[in-house]
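A.B. asks: Mind looking over this structure? Questions follow.
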Amino acid sequence: MEPLKPKEAQARHSSGELYTAVAYPSEGSAPELRVHIRLETGYAAVVFMDGYGRASLEYTFTVTDGSLFLETVTSYEYGNSVERGGYADSERMESYDFTPDGIVVQEIEIGDEVSSESRKNVDMTSNWEPIPQFGAYDSLIRRER
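As structure tokens, this is what we get:
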């Protein structure tokens, strides 16, 4: 698969079609993060990657009332594994699902064990983001939220 030229990606952003922006900390290094945008379906995601190119933290957003709402946060831990890319199985996965009306569901998977809990009346103010202009992802890619 060939990378899109900037004008092609910008056209996809304008039409709402899926495109992915990839950030590399330096030439020849593993990618640091990916931003997936598909506005025609109300979807955006940011995937932070570790030095082996594996997802370490993922933010999934959905378009709600003309803004992006952070709907899911998922973190992955791989222990001492040095497997590369999307083929590695995490040892531990922790996810948080949010609703605009203040419900949070936390789920932790360690091996075959899964635990979950939920909370109500949580302030969701920090879960809202403006829909970014093409290439202006600074607010969306904030790791610390």
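Under the numbering used here, the first residue of the sequence shown carries the number 28, and numbering increases by one thereafter.
Each residue gets a CB set at the ideal place from its N, CA and C atoms; glycine is no exception.
#1: Taking the C-alpha atoms as reference points, what is the distance between Arg111 and Ala72?
#2: Inspect the beta-carbon positions of Val100 and Arg172 and report whether they are closer than 9 Å.
#3: Would you please verify whether the beta carbon of Ser153 is less than 9 Å from any beta carbon of chain D?
#4: If you count every other CB in all the chains shown that lies within 10 Å of the CB of Asn154, and 16 or more means buried, which is it?
#5: Measure the alpha-carbon distance for Ser117 versus Leu84 and round it to whole angstroms.
#6: Relative to the alpha-carbon of Thr68, which residue among Val49, Thr47, Val74, Val90 has its alpha-carbon at the smallest distance?
C.D. replies: The answer reads as follows:
#1: If I take the Cα positions, the gap works out to 21 Å.
#2: yes
#3: The question asks about chain D, but that chain is absent: this structure has only one protein chain.
#4: Buried, since its Cβ has 16 or more Cβ neighbours within 10 Å.
#5: 12 Å
#6: Minimum Cα distance to Thr68 is reached at Val90.
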